[in-house]
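Trainee:
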Amino acid sequence: MKSASSSTGGDAVQHGLDHVLSRLVALASADQTQTPPPAALDLADPALAHPQLRALIAAFGLTAFEAQVLLLAFGAEVSPEIAVLCAECQEDEDLVRPTLRLAVALFPGSDWSAFTPSGPLRRWDLVELDPGGLLDAPLRLSEFALHWLCGVASRDRSLLEALERLDPAEAERAVPSHQALAGRMAAAVRAAAQSGQRPQALGLVCPDAGDIRALAAAVAGQLGMPADRLSLDVVFQSLDRPALARLIQREHALAPTLLLVEPAEGPEDRAMVVADFLRRLPGPLIMAGPHRRQRWPIEAAAFEAGTPEPKEQQALWAGLLGKAAEPLAPMLARFDLRRGAIEAAHRAAAIAREASGDTRRPSTWRAALSEASRAQLRGPLEAFADRIDSRATLDALVLPPMQQAQLEAIVRDVGNQSVVTEAWKAGGGSSRGLGLTALFSGPSGSGKTTAAEALAGALDLDLYRVDLSAVVSKYIGETEKQLSRVFDAAEQGANLLLFDEGDALFGKRTDVRDSHDRYANQEVSYLLQRLESYKGLAVLASNLADSLDAAFLRRFRYVVEFPMPGAPERADIWRRVFGDKIAVK
Numbered sequence: 019m020k021s022a023s024s025s026t027g028g029d030a031v032q033h034g035l036d037h038v039l040s041r042l043v044a045l046a047s048a049d050q051t052q053t054p055p056p057a058a059l060d061l062a063d064p065a066l067a068h069p070q071l072r073a074l075i076a077a078f079g080l081t082a083f084e085a086q087v088l089l090l091a092f093g094a095e096v097s098p099e100i101a102v103l104c105a106e107c108q109e110d111e112d113l114v115r116p117t118l119r120l121a122v123a124l125f126p127g128s129d130w131s132a133f134t135p136s137g138p139l140r141r142w143d144l145v146e147l148d149p150g151g152l153l154d155a156p157l158r159l160s161e162f163a164l165h166w167l168c169g170v171a172s173r174d175r176s177l178l179e180a181l182e183r184l185d186p187a188e189a190e191r192a193v194p195s196h197q198a199l200a201g202r203m204a205a206a207v208r209a210a211a212q213s214g215q216r217p218q219a220l221g222l223v224c225p226d227a228g229d230i231r232a233l234a235a236a237v238a239g240q241l242g243m244p245a246d247r248l249s250l251d252v253v254f255q256s257l258d259r260p261a262l263a264r265l266i267q268r269e270h271a272l273a274p275t276l277l278l279v280e281p282a283e284g285p286e287d288r289a290m291v292v293a294d295f296l297r298r299l300p301g302p303l304i305m306a307g308p309h310r311r312q313r314w315p316i317e318a319a320a321f322e323a324g325t326p327e328p329k330e331q332q333a334l335w336a337g338l339l340g341k342a343a344e345p346l347a348p349m350l351a352r353f354d355l356r357r358g359a360i361e362a363a364h365r366a367a368a369i370a371r372e373a374s375g376d377t378r379r380p381s382t383w384r385a386a387l388s389e390a391s392r393a394q395l396r397g398p399l400e401a402f403a404d405r406i407d408s409r410a411t412l413d414a415l416v417l418p419p420m421q422q423a424q425l426e427a428i429v430r431d432v433g434n435q436s437v438v439t440e441a442w443k444a445g446g447g448s449s450r451g452l453g454l455t456a457l458f459s460g461p462s463g464s465g466k467t468t469a470a471e472a473l474a475g476a477l478d479l480d481l482y483r484v485d486l487s488a489v490v491s492k493y494i495g496e497t498e499k500q501l502s503r504v505f506d507a508a509e510q511g512a513n514l515l516l517f518d519e520g521d522a523l524f525g526k527r528t529d530v531r532d533s534h535d536r537y538a539n540q541e542v543s544y545l546l547q548r549l550e551s552y553k554g555l556a557v558l559a560s561n562l563a564d565s566l567d568a569a570f571l572r573r574f575r576y577v578v579e580f581p582m583p584g585a586p587e588r589a590d591i592w593r594r595v596f597g598d599k600i601a602v603k
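Using this note's numbering, read the sequence shown as starting at 19 and increasing by one per residue.
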């Protein structure tokens, strides 16, 4: 007998097609009525031993009859001899593909439910029926099933834009602390799978796209499977979302895959569409979003990927800068950057240094790295605060000796902050009490904002002004939400926060006489809590120091009182601004 599938190779493949061929020959024979009917096959029969066919049987629960239907449709595609015999048996030389009527006649143990839309052959798009009467409609193997049975794991065309395969090598970009997080996430997936949860959904808070991809790849690697990123834009554009979900389910059934989605906040109807689609998917599933207030479309175990630990950031900088990283370490430690931001800052600084024409002086490289690092962190905070260019310098300030000494002490403390918190491990893992806070009190025009500018310049920090009079809301809870957004954004950068118009919020905290007093005190308490844990330098400016009670003042590391300059100080200021161009009396 002539080989029916020399192009597909493999004894098991050949054995299955030979089985189909023998049944067609028997059916086409003139004396078939005298041939005893063959016994129905069971799933263990060697005719169904084709490895790719066995995978389909296991994944979709095919019966022996359904498996033979697939072999018949496959043979009609790859074997001219089988195609000719199909036409002969159906008494139509143009009908080279089998019909359902032919399949039922060929294989004992046929079950009509195999051809219903809910049956696995049609539900999972393994076969397609041409239009026409059901029994006599030509049966064709789907493109996906044809590729699969030929040993080619080809993705369905409908999924090419919906799914992006993540490179497993991306997992190597995850820093050690994120690798440990990936281990905990993988353990959560296994636990959810054991409990029967489907999908096994995880919620990941992470603002960096590169870190999200690296973590997803790392989790998938620990689970021993690949990872795909699902485009929700394609989901919304799909005219048949249930069919799209079934294609993803089909692919997962044959090759379990971790899915990564990044649901953006949007209208309620959009969120409902996302939730409905995600519930149709198999697990595991990672939903990633940028902030802690993220609402996941479906129930999920929550995880957060913080910025790399200080030592990890130092290692990343050292990998880029080599020996030059050591003297720059104290300056670079002020910036809480992720891997992608560190790499982008390094590229931008290198370009800036080359553009300056001064590539030899270390100070040029230091300034370029500082500016590039700050630029990486400016975006989020600028939505809530005004950035002020720091042009003033400490030595240009005209202040009494005590206030000048206080400002210099603040500079020293900020410079030593990384030593205290990292090398000495102060705080025992808690962030409370490690914030550097200062209160600048004094009448308008006494130099509070200028002093903040000078501090920012001396510390190489960005200065952001937060107008508390604009943050305070008459609606209960809104002030805390606004302050939370400010601090969450500020935590990412090396910034000096100047809270101006502090008297709009503070004043003497009153005894609680009514609900307004209670909520006003809660707003002040919330601000103090965030100040104590803020990793940067925060300065509150107040025109009315007498309005602040003693308990409130004790929460500040420094209280600097700015007196209005007297006549000698004003004369000194005039001279510094205009020099000898004018006479000062």
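Backbone N, C-alpha and C define an ideal beta-carbon position, used for all residues, glycine too.
Would you check if there are 3 or more beta carbon pairs closer than 8 angstroms linking the stretch 259 to 272 to the stretch 394 to 402?
Mentor: no
Trainee: Closer than 8 angstroms is the cut-off here; do at least three beta carbon pairs connect the stretch 59 to 67 with the stretch 81 to 94?
Mentor: yes
Trainee: Looking only at its chain, what residues have a beta carbon closer than 6 angstroms to the beta carbon of Phe-125, apart from the 5 residues adjacent to it on each side?
Mentor: In the sequence shown, residue 125 corresponds to position 107, counting from 1. Excluding residues within five positions, the ones whose Cβ falls inside 6 angstroms are Phe-83 and Gln-86.
Trainee: What's the gap between the Cα of Val-43 and the Cα of Arg-247?
Mentor: Position 25 of the sequence shown holds residue 43. Position 229 of the sequence shown holds residue 247. Approximately 48 angstroms between the Cα atoms of the pair.
Trainee: Please name the residue, chosen from Gln-218, Ala-91, Val-207 and Arg-231, that lies closest to Phe-162 on a Cα-to-Cα basis.
Mentor: Counting from one through the sequence shown, the residue named residue 162 turns up at place 144. Closest by alpha carbon: Ala-91.
Trainee: Among the residues of its own chain, which have a CB less than 7 angstroms from the CB of Pro-69, if the five just before and after it don't count?
Mentor: Taking the first residue of the sequence shown as 1, we reach residue 69 at position 51. Hits under 7 angstroms: Ala-30.
Trainee: Would you kindly check if the distance between the Cβ of Pro-348 and the Cβ of Gly-460 is under 8 angstroms?
Mentor: Here residue 460 refers to the residue found at position 442 of the sequence shown. Here residue 348 refers to the residue found at position 330 of the sequence shown. Contact flag unset, no.
Trainee: Excluding the five sequence neighbours on either side, which residues of its own chain have a C-beta within less than 6 angstroms of the C-beta of Asp-478, listed in chain order?
Mentor: Stepping through the sequence shown from its first residue, residue 478 is reached at position 460. Ser-388.
Trainee: Excluding the 5 residues flanking Thr-325 on each side, which residues of the same chain have their C-beta closer than 8 angstroms to its C-beta?
Mentor: Counted from its first residue, the sequence shown places residue 325 at position 307. Excluding positions up to five away in sequence, the list reads Gln-331, Asp-354, Leu-355, Arg-356 and Gln-510.
Trainee: Here's the rule: buried if 16 or more other CB atoms are within 10 angstroms of the residue's CB, otherwise exposed. What is Phe-580?
Mentor: If you number the sequence shown from 1, residue 580 lands on position 562. With 16 or more other Cβ atoms within 10 Å, it is buried.
Trainee: In terms of DSSP beta bridges, what is Ser-459 paired with?
Mentor: As a working mapping, residue 459 is identified with position 441 in the sequence shown. Ser-459 is bridged by DSSP to Ser-560 and Glu-579.
Trainee: State yes or no: is the C-beta of Ile-316 within less than 8 angstroms of the C-beta of Leu-278?
Mentor: Counting from 1 along the sequence shown, the entry for residue 316 is found at position 298. Counting from 1 along the sequence shown, the entry for residue 278 is found at position 260. The answer is no: Cβ separation not under 8 angstroms.
Trainee: If Ala-238 sits next to Leu-276, beta carbons under 8 angstroms apart, how far is it from one beta carbon to the other, in whole angstroms?
Mentor: Within the sequence shown, residue 238 is the residue found at index 220, counting from 1. Within the sequence shown, residue 276 is the residue found at index 258, counting from 1. Right, their Cβ atoms sit about 4 angstroms apart.
Trainee: May I ask you to report which of helix, strand or coil DSSP gives Phe-353?
Mentor: Numbered from 1 along the sequence shown, position 335 holds the residue referred to as residue 353. The answer is coil: DSSP assigns Phe-353 none of H, G, I, E or B.
Trainee: Check Pro-244 in the structure and name its three-state DSSP category.
Mentor: Numbered from its first residue, the sequence shown carries residue 244 at position 226. Residue state, collapsed to three classes: coil.
Trainee: Hey, Ala-189 and Ala-235 are a contact pair by Cβ (cut 8 angstroms); roughly how many whole angstroms apart?
Mentor: In the sequence shown, counting from the first residue as 1, residue 189 sits at position 171. In the sequence shown, counting from the first residue as 1, residue 235 sits at position 217. Their Cβ separation, rounded to whole angstroms, is 4 angstroms, which keeps Ala-189 and Ala-235 in contact under 8 angstroms.
Trainee: Give me, in chain order, the residues of the same chain whose beta-carbon lies closer than 7 angstroms to that of Pro-274; leave out the 5 immediate sequence neighbours on both sides.
Mentor: Reading the sequence shown from its first residue, position 256 is the one you call residue 274. Only Met-243 meet the Cβ criterion.
Trainee: Does the beta-carbon distance from Thr-382 to Arg-371 come in below 8 angstroms?
Mentor: Position 364 of the sequence shown holds residue 382. Position 353 of the sequence shown holds residue 371. Against a cut-off of 8 angstroms, the Cβ pair of Arg-371 and Thr-382 comes out as a contact.
Trainee: If you draw a straight line from the C-alpha of His-33 to the C-alpha of Arg-41, how long is it?
Mentor: One-based indexing of the sequence shown puts residue 33 at position 15. One-based indexing of the sequence shown puts residue 41 at position 23. The C-alpha of His-33 lies about 13 angstroms from the C-alpha of Arg-41.
Trainee: Roughly how many angstroms lie between the CA atoms of Met-420 and Arg-593, to the nearest whole one?
Mentor: As a first step, residue 420 must be located in the sequence shown, where it is residue number 402. As a first step, residue 593 must be located in the sequence shown, where it is residue number 575. Straight-line Cα distance between these residues: approximately 22 angstroms.
Trainee: Where does the unbroken alpha helix (DSSP H) through Ala-77 begin, and where does it stop?
Mentor: Within the sequence shown, numbered from 1, the residue matching residue 77 stands at position 59. Start and end: 69 to 78.
Trainee: Exposed or buried, which one is Leu-233 when buried takes at least 16 other CB atoms within 10 Å?
Mentor: Start at 1 with the first residue of the sequence shown, and residue 233 comes out as number 215. Around the C-beta of Leu-233, 16 or more other C-beta atoms lie within 10 Å, and the residue is accordingly described as buried.
Trainee: Beta-carbon within less than 7 angstroms of Ala-187's beta-carbon, same chain only, minus the 5 sequence neighbours each way: which residues are those?
Mentor: Within the sequence shown, numbered from 1, the residue matching residue 187 stands at position 169. Excluding residues within five positions, none has a Cβ falling inside 7 angstroms.
Trainee: Are the stretch 214 to 228 and the stretch 296 to 312 touching, with three or more C-beta to C-beta distances below 8 angstroms?
Mentor: yes
Trainee: Could you tell me whether the stretch 500 to 518 touches the stretch 550 to 559, using the rule of 3 or more Cβ pairs below 8 angstroms?
Mentor: The way I'd put it, the stretch 500 to 518 does touch the stretch 550 to 559; three or more beta-carbon pairs between them come closer than 8 angstroms.
Trainee: Can you check which of these residues, Trp-142, Ser-160 and Ser-47, is closest to Ala-94 by C-alpha distance?
Mentor: Working through the sequence shown from its first residue, we reach residue 94 at position 76. The residue from Trp-142, Ser-160 and Ser-47 with its alpha-carbon nearest to that of Ala-94 is Ser-160.
Trainee: Classify Lys-526: buried if its beta carbon has 16 or more other beta carbons within 10 angstroms, exposed otherwise.
Mentor: In the sequence shown, counting from the first residue as 1, residue 526 sits at position 508. With a pLDDT of 43 at Lys-526, under the threshold of 50, the modelled position of that residue is not reliable, and the figure given next carries that caveat. Result: exposed.
Trainee: CB-CB under 8 angstroms to Ala-57, same chain, minus the five flanking residues each way: which ones, in chain order?
Mentor: For the purposes of this step, residue 57 is taken as the residue at position 39 of the sequence shown. Cβ neighbours of Ala-57 beyond the five flanking positions: Pro-126.
Trainee: Grouping DSSP H, G and I as helix and E and B as strand, with all else coil, what is Arg-483?
Mentor: Counting from one through the sequence shown, the residue named residue 483 turns up at place 465. Correct three-state label for Arg-483: strand.
Trainee: So does the stretch 103 to 117 actually touch the stretch 171 to 178, counting three or more Cβ pairs closer than 8 angstroms?
Mentor: no
Trainee: Would you mind stating whether Leu-59 and Leu-167 have Cβ atoms separated by less than 8 angstroms?
Mentor: For this step, residue 59 is matched to residue 41 along the sequence shown. For this step, residue 167 is matched to residue 149 along the sequence shown. No, these two residues do not count as a Cβ contact at 8 angstroms.
Trainee: Label Pro-281 either buried or exposed according to how many other C-beta atoms from any shown protein chain fall within 10 Å of its C-beta, with 16 as the threshold for buried.
Mentor: As a working note, residue 281 is residue 263 in the sequence shown. Classification for Pro-281: buried.
Trainee: Taking the beta carbon of Ser-391 as the centre, do at least 16 other beta carbons fall within 10 Å, making it buried, or is it exposed?
Mentor: Your numbering for residue 391 matches position 373 in the sequence shown. With 16 or more other Cβ atoms within 10 Å, it is buried.
Trainee: Beta-carbon separation of Asp-480 and Ala-488 under 8 angstroms?
Mentor: Along the sequence shown, one-based indexing puts residue 480 at 462. Along the sequence shown, one-based indexing puts residue 488 at 470. No, the Cβ-Cβ distance between Asp-480 and Ala-488 is not below 8 angstroms.
Trainee: Under the criterion of a Cβ to heavy atom distance below 7 angstroms, does Leu-477 qualify as lining the ligand SAM?
Mentor: Summarising the ligand content, the structure contains no ligands, and the ligand SAM is consequently not present.
Trainee: On the three-state DSSP scale, how would you describe Asp-478?
Mentor: Along the sequence shown, one-based indexing puts residue 478 at 460. Correct three-state label for Asp-478: coil.
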